[in-house]
Every structure is written in structure tokens, then in C-alpha cells.
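Visitor:
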Amino acid sequence: MERQKFEMFFSLGSIFLFLLGMLVAFIAIPMLGKEQLILVIAGAILILMVLSLFISLFFQSYIVSAKRLAEDMRVITTVNPAWRTDVDGPVEMRKLAGAINAFAERYQTVLENQAAEIERAHDELEAEKKRLVALMSELTEGVLVCNVEGQILLYNNLAKELLSHTPESWTSSSAAGLVGLGRSIFGVLDRSVITHALEELTYRTEKHSAYVISRFVTSATNGQLLRVAIAPILQNSQAINGFVLTLEDTTQHSKSSSRRDILLRALTEGVRSPIANIRAAIETIEAYPNIRQEKLNQLYHVISEESLALSARLDELTTEYASDIRAKWQLEKIPGSDLLWAIQRRFEDKLKVSTRSIAAPEPSLWLQVDGYLVVQAATFLVRRLKKSFDVDAVQINLKQAGRLAAFDIIWESSRVDADTMWSWQNQILDSNSDGVSLTIREIAEYHGGEVWYQRDVDTGVAYFRMLLPTTDPPPARRMPVVQSSRPEYYDFDLFRRAGKIGSLQSQKLSELTYTVFDTETTGLDPVADEIISIGAARIVNGRLLRQEIFDQLVDPRRAVSPMATNIHGISTDMLAGHPTIEQVLPAFHHFVEDTVLVGHNAAFDMRLFQQKESRTDIRFTNPVLDTLLLSAVVHPSQSDHSLEAIAERLGIDIVGRHTALGDALLTGDIFLKMLPLLAERGIITLADALQASKETFYARLKY
Amino acid sequence: MAKRVLIVDDEKNIVVSLEFLLEQAGYQYEIARDGREAMALLEEFSPDLVLLDVMLPHINGFEVCRRIRENAQWAETKIVMLTAKGQEVEMAKGLALGANAYISKPFSTKMLIQKINEILEDDGTTKV
Numbered sequence: 019m020e021r022q023k024f025e026m027f028f029s030l031g032s033i034f035l036f037l038l039g040m041l042v043a044f045i046a047i048p049m050l051g052k053e054q055l056i057l058v059i060a061g062a063i064l065i066l067m068v069l070s071l072f073i074s075l076f077f078q079s080y081i082v083s084a085k086r087l088a089e090d091m092r093v094i095t096t097v098n099p100a101w102r103t104d105v106d107g108p109v110e111m112r113k114l115a116g117a118i119n120a121f122a123e124r125y126q127t128v129l130e131n132q133a134a135e136i137e138r139a140h141d142e143l144e145a146e147k148k149r150l151v152a153l154m155s156e157l158t159e160g161v162l163v164c165n166v167e168g169q170i171l172l173y174n175n176l177a178k179e180l181l182s183h184t185p186e187s188w189t190s191s192s193a194a195g196l197v198g199l200g201r202s203i204f205g206v207l208d209r210s211v212i213t214h215a216l217e218e219l220t221y222r223t224e225k226h227s228a229y230v231i232s233r234f235v236t237s238a239t240n241g242q243l244l245r246v247a248i249a250p251i252l253q254n255s256q257a258i259n260g261f262v263l264t265l266e267d268t269t270q271h272s273k274s275s276s277r278r279d280i281l282l283r284a285l286t287e288g289v290r291s292p293i294a295n296i297r298a299a300i301e302t303i304e305a306y307p308n309i310r311q312e313k314l315n316q317l318y319h320v321i322s323e324e325s326l327a328l329s330a331r332l333d334e335l336t337t338e339y340a341s342d343i344r345a346k347w348q349l350e351k352i353p354g355s356d357l358l359w360a361i362q363r364r365f366e367d368k369l370k371v372s373t374r375s376i377a378a379p380e381p382s383l384w385l386q387v388d389g390y391l392v393v394q395a396a397t398f399l400v401r402r403l404k405k406s407f408d409v410d411a412v413q414i415n416l417k418q419a420g421r422l423a424a425f426d427i428i429w430e431s432s433r434v435d436a437d438t439m440w441s442w443q444n445q446i447l448d449s450n451s452d453g454v455s456l457t458i459r460e461i462a463e464y465h466g467g468e469v470w471y472q473r474d475v476d477t478g479v480a481y482f483r484m485l486l487p488t489t490d491p492p493p494a495r496r497m498p499v500v501q502s503s504r505p506e507y508y509d510f511d512l513f514r515r516a517g518k519i520g521s522l523q524s525q526k527l528s529e530l531t532y533t534v535f536d537t538e539t540t541g542l543d544p545v546a547d548e549i550i551s552i553g554a555a556r557i558v559n560g561r562l563l564r565q566e567i568f569d570q571l572v573d574p575r576r577a578v579s580p581m582a583t584n585i586h587g588i589s590t591d592m593l594a595g596h597p598t599i600e601q602v603l604p605a606f607h608h609f610v611e612d613t614v615l616v617g618h619n620a621a622f623d624m625r626l627f628q629q630k631e632s633r634t635d636i637r638f639t640n641p642v643l644d645t646l647l648l649s650a651v652v653h654p655s656q657s658d659h660s661l662e663a664i665a666e667r668l669g670i671d672i673v674g675r676h677t678a679l680g681d682a683l684l685t686g687d688i689f690l691k692m693l694p695l696l697a698e699r700g701i702i703t704l705a706d707a708l709q710a711s712k713e714t715f716y717a718r719l720k721y
Numbered sequence: 027m028a029k030r031v032l033i034v035d036d037e038k039n040i041v042v043s044l045e046f047l048l049e050q051a052g053y054q055y056e057i058a059r060d061g062r063e064a065m066a067l068l069e070e071f072s073p074d075l076v077l078l079d080v081m082l083p084h085i086n087g088f089e090v091c092r093r094i095r096e097n098a099q100w101a102e103t104k105i106v107m108l109t110a111k112g113q114e115v116e117m118a119k120g121l122a123l124g125a126n127a128y129i130s131k132p133f134s135t136k137m138l139i140q141k142i143n144e145i146l147e148d149d150g151t152t153k154v
């Protein structure tokens with residue numbers, strides 16, 4: 019713009035001078051001879067030419083140089099103190115450039131000294147961090163820390179392994195979750211189970227209970243059966259600020275445990291009948307010595323048949339289950355009052371059924387149960403009662419009954435249909451939100467308990483009773499101390515971050531979550547060529563997370579052009595057997611969920627994705643930022659906006675180029691370095707950045 | 027007049043002994059091999075006592091017990107439940123549902139007949 023103004027100004031000046039010359043000539047012509055006239059005109063033209071040459075030289079030497087100096091200066095003072103200006107031109111400009119470089123030299127020294135100080139402090143922190151990382155990776159349990167909104171702030175590798183989906187499960191599970199900083203835990207674990215546990219913990223915290231860990235068994239979205247312990251993270255007040263989850267794989271454990279159950283049942287219940295038959299037959303023979311021959315033969319036959327069957331069964335069991343006799347599966351120990359409270363809350367809040375507890379359970383009454391399952395079972399029954407018989411008030415009671423605890427749901431109703439009640443026990447609790455695929459009877463059996471329905475005809479009082487196992491109260495445990503140091507996969511700053519407010523557009527660039535990505539292709543035509551590799555990494559809270567990556571080769575089902583192979587080194591035969599774009603794109607789409615996409619020359623990649631829309635049914639609607647355009651925004655006077663040139667300008671080491679992941683990571687580093695430069699130009703929000711990109715010249719480049 | 031006992035059990039090997047013992051003890055008996063047959067015979071045979079196994083095909087013993095207790099016509103019918111599970115919770119359930127006695131397998135046949143005698147001699151006012 020300014021350059022144009024200058025040129026216009028000088029052009030107008032020239033025209034003015036030309037007109038002046040013409041006027042002088044007009045007045046002077048009659049006085050001059052023909053030769054003199056030619057001389058004057060030639061002189062005027064010469065003067066004009068010299069003048070415009072002078073103007074052009076002046077512009078090149080001073081204006082352009084000054085502007086480049088300003089840009090270089092900005093680079094030095096913001097992102098790359100090692101940058102030196104190489105502006106050439108008149109003596110004054112060279113002197114200025116020399117002064118700037120001298121300043122840069124000193125500035126760099128100051129910064130380096132400062133950096134050394136910071137590094138020392140950082141090293142100490144790093145050592146501490148490494149210790150915690152080591153500790154985390156040594157743990158035999160998966161660990162995750164989340165804020166109250168369920169955003170993951172920290173995780174260890176085992177947690178990631180336990181919860182992640184393998185490439186094989188991509189296509190089958192569209193709702194597949196991912197473990198990553200800032201991602202939601204509810205993508206990988208059932209929301210209702212965690213919410214229930216948190217409610218329970220809040221209650222226990224409020225009553226200053228020493229038991230502040232809740233345990234449950236749940237299946238992750240990848241199908242893995244996990245045993246989970248959840249502990250709250252408290253603020254100075256008693257408010258829960260977040261929670262720690264520890265995860266244990268129980269698929270194996272539970273398989274062997276249920277086999278053990280079968281064995282145990284086979285050995286106890288399985289032999290009761292045959293022994294009863296044998297015993298009855300022997301006792302009968304003994305009691306009646308004069309028994310008639312025909313009956314006697316019958317009884318002998320029973321004895322021989324049953325004893326043979328018993329022997330065979332024992333042999334079979336010992337060989338089949340020899341390996342399964344191990345430790346017993348543990349249910350959670352919880353105080354009876356906590357369970358009753360959870361059930362009451364659930365009835366009142368979720369079902370709007372007025373619930374009264376007949377008597378507070380004895381403090382010494384502790385149950386050994388899966389609290390979640392029991393609450394779900396009770397909720398299921400009352401939901402049905404309300405729906406089928408309009409019951410809107412119930413009483414609940416929990417009391418010791420011998421070695422067991424009896425939990426009752428009691429209500430008054432004249433309209434009762436016992437058959438229906440009984441049939442409920444065999445229905446699956448599949449109410450959409452809860453996702454428990456067990457029947458009430460199975461839940462009772464799982465606990466070694468029972469459940470039944472009864473009604474007193476005279477009073478019209480009906481109840482469901484569930485017998486549950488009890489246990490001795492455990493010794494009190496102290497709360498786990500959460501380290502404040504920062505292990506590998508952490509971001510405790512997310513603790514302070516408010517939930518997503520407003521649209522992405524108005525959010526600050528420094529606070530958004532990004533996916534930097536790149537693709538490699540069979541060639542350079544976005545319409546005809548195919549994707550052969552996608553690499554991506556996430557930027558959360560201004561940090562490029564090198565461990566949260568997407569790195570996948572894709573079988574393009576066509577040949578890679580030799581020219582392309584020369585660039586990225588991937589040949590056709592290296593791609594055989596990898597997933598196809600139809601499999602990879604949905605997974606990638608899921609990976610980039612809720613983030614802003616950042617790519618270098620992103621228009622090319624987006625065009626490639628767009629080509630696949632109809633075939634994969636995947637549309638990328640994320641906002642997209644292009645580092646090529648942003649570079650043109652921050653350095654409009656530079657002509658080279660290639661990845662290498664930008665990296666060099668911003669002082670970024672180039673490693674691992676020309677793999678999709680390598681380029682994506684480089685793009686990420688570049689993008690982060692650009693943020694302060696953008697801010698300097700008043701580009702603060704995503705909307706600002708998108709607008710500025712649109713306005714740059716390169717935006718007009720269409721593929 | 028001889029009292030009537032309905033044996034409900036799908037295990038023929040226990041029935042071999044039970045039928046003989048009941049006969050010797052002076053009872054009239056009928057045999058049902060599952061829950062459905064039991065319900066039918068309850069109507070036809072109107073037993074004084076039902077010797078009821080828990081693990082039955084179609085309708086299980088608890089269910090049969092409940093249905094008997096729901097019907098006023100059989101209010102006086104005694105129920106002795108037999109089970110091969112022998113767990114405390116089941117016993118509690120059986121008794122809660124109105125069984126007069128609950129016996130787990132294996133059992134003493136002498137005790138069983140004694141129990142049946144006791145229950146049937148009793149007016150039915152006391153439950154065991």
C-alpha cells in the first residue's frame with residue numbers, strides 16, 4: 019500500500035514537472051529556432067528519465083531497505099535473536115544495518131546468559147519431573163488425573179494402553195475415544211459410572227469420611243474390562259477440584275475368576291444332587307432290609323450310576339480347572355449408609371420419587387458390593403414401579419440379616435401384579451444411559467445374594483428385598499497426596515481453565531487446542547493423486563505434544579509417482595498391507611475432533627480430504643489455519659514462505675523433514691513461534707487470524 | 027385317610043428312593059417332573075404337601091412356591107423345598123416366599139420323612 023502511495027506521489031510529481039516544462043516550452047517556442055527547440059525537448063526528456071531513475075533508486079535504497087530492516091529487527095527482538103540483517107544499499111543504510119546487527123549481537127548475548135540461568139532452573143525441575151515420570155511408568159496401574167469437567171490433565175502410558183483403540187478397532191467403533199491432554203475422559207469411560215462415583219465421593223468428603231476412594235468395575239469404550247479406583251483432588255475448601263483414576267486390567271483376572279466360580283459351583287452344588295441320590299438309596303436299603311427285589315435293583319442301579327458319574331465329573335474338573343485356583347475377586351467395601359444415601363439421591367434426583375429411609379443403618383454395617391451395580395438395580399426397579407404402577411413414594415431400608423444385609427424397597431399399592439414384578443428380575447437393565455447389560459437376578463447372583471418380591475395382602479404393603487454380602491469395616495486410609503511436579507503427560511494448567519465458553523472464533527489463539535498436520539501423496543495433483551501418509555500432533559495450552567501423535571501410512575491402491583518417491587522416500591511396495599483411506603480418515607477425523615487444524619499450505623491437504631468426502635462420509639468442518647498464509651501476514655516483505663525458509667527465519671532446527679509427521683511437527687513449532695508475531699499485529703483471536711489469512715495475497719491461490 | 031404328597035423333582039434317581047420311602051411312611055404320592063406338571067397336578071391331585079426341588083425346568087421351584095402361596099385355594103398346602111444349592115440366601119428366599127421347610131441336598135432320608143410327618147401332623151399353625 020505504502021509503496022503504491024509513494025509511486026503515485028512521484029508519478030504525479032513527474033507529470034507536474036513535465037507539464038511545467040511544456041508550459042515553459044510553449045512560452046519559449048516562438049522565441050527559439052528549430053534546432054534549439056529539438057535540443058530543449060530532448061533535454062526535458064532526459065531530465066525526466068534521470069528523475070524517474072533517481073526516484074526508483076531512492077525507493078530501492080531507502081524505503082524498501084528501511085522496511086526490511088524493520089522486519090528483520092522485529093524477528094531479532096521477538097523470535098530469533100540469532101538472525102542478522104543483510105540489507106545492502108547506500109552508506110547510511112549499511113551503517114544502520116551494521117548498528118542493528120551490533121545491537122543484535124549484544125542482545126543475543128544478554129538473552130543467552132538469561133537462557134542459561136533459566137536452563138539451570140529448568141534442569142532442576144526436569145530432574146524432578148524425570149523422577150515422577152519414572153515413578154508413573156513403574157506403576158503397574160494406569161493413572162489419569164482429570165479436572166472436574168473430565169478433561170485429562172495427566173496420564174501415564176499404561177492408562178493410554180488400557181484405554182486406546184487399536185487400528186483394527188477403528189472402523190468398528192465410531193464412538194472410539196482417545197486419551198490425550200485436554201481430551202475428555204468420558205470419551206473412553208462411561209460417564210454415568212464416573213458421575214456416580216464422584217457424587218458418592220462428594221458426599222463422603224462432606225461428612226469428612228476417611229474413606230475417600232471409590233472403586234468400581236466398568237468396561238471402557240474399547241471393550242476392555244477395567245477395575246477403577248477414583249480419588250478426589252480437593253481444593254483448600256472441601257470442594258472437589260478434580261479426580262485421580264487408577265485403572266487395572268481385569269479382563270484376564272475376571273475370566274479366570276469366573277472360571278473359578280464355575281469350578282467352585284461344580285464342586286459344591288454339582289455334587290450335592292448325586293450324593294443326595296446315593297445317600298437316599300443307601301438309607302432306604304438300610305431302613306428296609308426286606309425290600310422287594312425289583313425295588314432293590316432299582317436302588318442299586320441308582321447308586322452305581324451316580325457314583326460312576328461322580329468319579330467322571332471329578333476327573334474332568336481337576337484337569338480342566340487346575341490352573342484357576344487363585345486369589346478371589348474383590349468387591350468394593352462400602353459403608354451401608356453410603357449405599358443407602360446414593361440410592362436415595364438417585365431415586366429423588368433421577369426418578370423424582372419421594373424416598374424415605376426407615377432407619378439409618380448401623381455404622382458398623384459395611385457391604386462388600388459393586389455399588390454402581392446395586393444402585394442401578396434399585397433404580398431400575400423403582401423406575402419400573404413408577405412407570406407401570408404410578409408409585410411416586412417409596413421407603414428404603416438396609417439392615418443386618420444374619421451374615422447378610424437386607425436392602426428393602428417398600429411401597430404401598432393396591433394395584434400390583436406379581437407376575438410382572440417377578441418378570442422384572444429377569445429383564446436386562448439396558449436403559450440407554452446406564453448401559454448395564456445384566457439382569458437384577460444376575461446382579462444379585464454376582465454378589466452371592468438374592469432378590470425377590472413380596473406383598474402383604476392385608477396391609478397392601480409390597481416390597482422388593484435384595485440380600486447383599488456384608489464385610490468388616492476396613493482400617494481407615496489416608497488420602498493420596500498428588501504430586502505437584504510435572505511428569506511427561508501432564509497439563510495441570512487445564513485445572514484453571516474454564517469450560518469451553520463461546521465459539522472457537524472468539525477464543526484467543528494462545529488458548530485454543532490445535533492439530534498440526536501434514537500429508538504425503540502419490541503426486542502433486544490434489545484431485546488425481548491419493549494420500550499415502552498422514553501425520554499430526556496436538557497443541558494444547560501452547561505446547562506441542564510430541565507424544566500425542568497420529569502417524570499412519572495409507573495404501574493408495576495405485577502407484578506412487580517416482581517424483582513423489584524422490585521427495586518423501588515412500589515407494590508403492592512400502593504401502594501394501596496398510597489401511598486404506600476409508601479406514602484411516604474416520605480415525606483421523608476423530609483425532610482432530612474439537613481442534614483447529616493447522617497445516618502448511620493446508621488448502622492442498624484440505625482439498626485431498628474433500629475429494630474423499632463422498633466415499634468416506636467424513637467431512638472436516640474444523641477451522642483451518644495455514645502457516646504459509648500466516649507467514650505472509652507476519653512477514654509481508656519476505657518472498658519465500660516455504661517451510662524451510664520460515665523455519666530458518668524463526669530460528670527452528672529442521673529435522674525429520676518430508677515425512678508427514680516430521681513436517682507436521684515442524685509446522686507446529688513454526689506456528690507456536692508465529693503466535694507472538696501475530697499478537698504484535700493485533701491478531702489475537704481465531705477470527706482475527708482467519709480474517710488476516712483471507713486478506714493476504716496467497717489466499718487467492720486456488721487449487 | 028392317607029395324606030397326599032406331590033414330589034416335584036426332575037432327578038429320577040432321587041425319585042426312586044423318595045417314592046418308596048413315602049409309600050412306606052403311608053403316604054399317597056404323585057410325581058411331577060417339572061414346574062408345569064406340578065401346577066397341573068396341584069389342581070388334579072390336591073396334595074397336602076409338596077416336596078419341591080428348586081432347580082426345575084420351565085418354572086423353577088421358587089416360582090412354583092410363589093404361585094401356590096398366591097392361590098387361596100392352596101393356603102393349607104404345605105411346602106418343603108429341596109435344593110442342591112444349599113446357600114443361606116436361597117433358604118431365606120424360600121422361607122420368605124412361604125415354604126414350610128427348606129432342606130438342602132444331600133439330606134438324611136430319615137430326617138426328611140420325620141419333617142414331613144411333623145408338618146402334616148401339625149395343624150399348619152406353626153411354620154418351621
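Those protein sequences? They're chains A and B, same order as listed. For any residue, its number in the numbering used here is found by taking its place in the first sequence, counting from 1, and adding 18. For any residue, its number in the numbering used here is found by taking its place in the second sequence, counting from 1, and adding 26. Idealized CB from N, CA, C, for every residue including glycine.
1. Verify the CB distance criterion: does residue 69(B) have a CB-CB separation below 8 Å to chain A?
2. Going by DSSP, which residues form a beta bridge with residue 556(A)?
3. With 16 as the cutoff for other CB atoms within 10 Å, does residue 471(A) come out buried or exposed?
4. Quick one: is residue 306(A) near chain B, going by C-beta distance under 8 Å?
5. What are the start and end residues of the beta strand (DSSP E) that includes residue 372(A)?
6. Rounded to a whole number of angstroms, what is the C-alpha to C-alpha distance between residue 49(A) and residue 30(A)?
7. Name the residues in the region 542-563 of chain A whose C-beta lies less than 7 Å from a C-beta of chain B; which are they?
8. Using a C-beta cutoff of 8 Å, does residue 525(A) count as contacting chain B?
9. Taking only beta carbons into account, state which residues of the region 123-150 of chain B come closer than 8 Å to chain A, listed in chain order.
10. Take residue 567(A) as the anchor and find which of 680(A), 52(A), 99(A) and 426(A) has the nearest alpha-carbon.
11. Taking Cβ to Cβ, would you say residue 422(A) is nearer than 8 Å to residue 335(A)?
12. Name the chain B residues that come within less than 7 Å of residue 413(A), Cβ to Cβ?
13. What are the start and end residues of each continuous alpha helix (DSSP H) run of 4 or more residues lying completely inside the region 631-708 of chain A, in chain order?
14. Just to confirm before moving on: does the CB-CB distance between residue 265(A) and residue 159(A) stay below 8 Å?
15. If contact means a Cβ-Cβ distance below 7 Å, which residues of the region 96-121 of chain B contact chain A?
16. Would you list the residues sitting across from residue 422(A) in a DSSP beta bridge?
17. Are the C-beta of residue 34(B) and some C-beta of chain A separated by less than 8 Å?
18. Given that residue 86(B) touches chain A, what residues does it touch there, using C-beta distances under 7 Å?
19. Is the beta carbon of residue 127(B) sitting closer than 8 Å to the one on residue 141(B)?
20. Would you decide whether residue 308(A) is buried or exposed? Buried here means 16 or more other CB atoms lie within 10 Å of its CB.
21. Going by beta-carbon coordinates alone, are residue 98(A) and residue 668(A) separated by less than 8 Å?
22. Distance check for residue 168(A) and residue 410(A), CA to CA, integer angstroms please.
23. Can you find a C-beta in chain B that's less than 8 Å from the C-beta of residue 291(A)?
24. Which stretch, first to last residue, makes up the alpha helix (DSSP H) that contains residue 236(A)?
25. Does the beta-carbon of residue 315(A) have 16 or more other beta-carbons within 10 angstroms, so that it is buried, or is it exposed?
26. Would you decide whether residue 68(A) is buried or exposed? Buried here means 16 or more other CB atoms lie within 10 Å of its CB.
27. Would you mind telling me which residues of chain B sit closer than 9 Å to residue 317(A), beta carbon to beta carbon, in chain order?
28. So, for residue 139(B): in the same chain, excluding its five sequence neighbours on each side, which residues have a beta-carbon less than 7 Å away from its beta-carbon?
29. Counting only Cβ pairs nearer than 8 Å, list the residues of chain B close to residue 421(A).
30. Which of the three DSSP states, helix, strand or coil, is assigned to residue 519(A)?
31. Between which two residues does the alpha helix (DSSP H) containing residue 179(A) stretch?
32. Between residue 707(A) and residue 648(A), which are expected to be in contact by the criterion C-beta below 8 Å, what is the C-beta distance as a whole number of angstroms?
33. Quick one, are the C-beta atoms of residue 682(A) and residue 535(A) less than 8 Å apart?
34. Provide the residue span of the alpha helix (DSSP H) that contains residue 439(A), from first to last.
35. Any Cβ of chain A within less than 8 Å of the Cβ of residue 54(B)?
36. In terms of residue numbering, what span does the alpha helix (DSSP H) encompassing residue 218(A) cover?
Guide: Looking at the coordinates:
1. With 8 Å as the cut-off, residue 69(B) does not count as an interface residue toward chain A.
2. According to the DSSP secondary-structure assignment, residue 556(A) is paired through a beta bridge with 533(A) and 563(A).
3. It counts as buried.
4. It does; some Cβ of chain B falls within 8 Å.
5. Segment 372-375, the beta strand (DSSP E) holding residue 372(A).
6. One C-alpha to the other measures close to 29 Å.
7. Interface annotation for the region 542-563 of chain A against chain B: empty, criterion Cβ-Cβ distance under 7 Å.
8. So no, residue 525(A) is outside the interface.
9. For chain A, the residues of the region 123-150 of chain B that bring a beta carbon within less than 8 Å of one of its beta carbons are 123, 130, 131, 132, 133, 134, 135 and 136, in chain order.
10. The shortest Cα separation from residue 567(A) among 680(A), 52(A), 99(A) and 426(A) belongs to 680(A).
11. Taking C-beta atoms as the reference points, residue 422(A) and residue 335(A) fail to come closer than 8 Å.
12. Those do not exist, as residue 413(A) stays about 18 Å from chain B at its closest Cβ, beyond 7 Å.
13. Listed in chain order, the complete alpha helix (DSSP H) runs (minimum 4 residues) inside the region 631-708 of chain A are 631-634, 645-652, 661-667 and 678-698.
14. Yes; because the gap between Cβ atoms is below 8 Å, this pair is in contact.
15. Against chain A - using a Cβ distance shorter than 7 Å - the residues of the region 96-121 of chain B are 96, 110, 111, 112, 114, 115, 116, 118 and 119.
16. Paired residue(s): 419(A) and 487(A).
17. Chain A contact via Cβ: absent.
18. Within 7 Å of the CB of residue 86(B), no CB atom of chain A is found; the nearest one sits about 11 Å away.
19. Going by C-beta atoms, residue 127(B) is nearer than 8 Å to residue 141(B).
20. The residue is exposed, with fewer than 16 neighbouring Cβ atoms inside 10 Å.
21. Cβ atoms of residue 98(A) and residue 668(A): closer than 8 Å.
22. When rounded, the distance between both Cα atoms is 33 Å.
23. Taking Cβ atoms only, chain B reaches closer than 8 Å to residue 291(A), which makes this a yes.
24. Here residue 236(A) belongs to no alpha helix (DSSP H); instead the beta strand (DSSP E) covers 232-237.
25. It is exposed - the Cβ of residue 315(A) has fewer than 16 other Cβ atoms within 10 Å.
26. Counting Cβ neighbours within 10 Å, residue 68(A) comes out exposed, since fewer than 16 surround it.
27. Chain B residues near residue 317(A): 42, 43 and 46.
28. Once the five neighbours on either side are set aside, the close Cβ partners of residue 139(B) are 47 and 51.
29. Within 8 Å Cβ-Cβ: 114.
30. Low confidence applies here, because residue 519(A) scores a pLDDT of 42, under 50, leaving its location unreliable; read the following figure in that light. DSSP places residue 519(A) in coil when its eight states are reduced to three.
31. Under the DSSP assignment, residue 179(A) falls in the alpha helix (DSSP H) whose first and last residues are 175-181.
32. With a beta-carbon spacing of about 7 Å, residue 707(A) and residue 648(A) fall inside the 8 Å limit used to define contacts.
33. For the 8 Å CB-CB criterion, residue 682(A) and residue 535(A) form a contact.
34. Residue 439(A) -> alpha helix (DSSP H) spans 436-442.
35. False, the Cβ-Cβ gap to chain A never drops below 8 Å.
36. Unbroken alpha helix (DSSP H) run through residue 218(A): 209-224.
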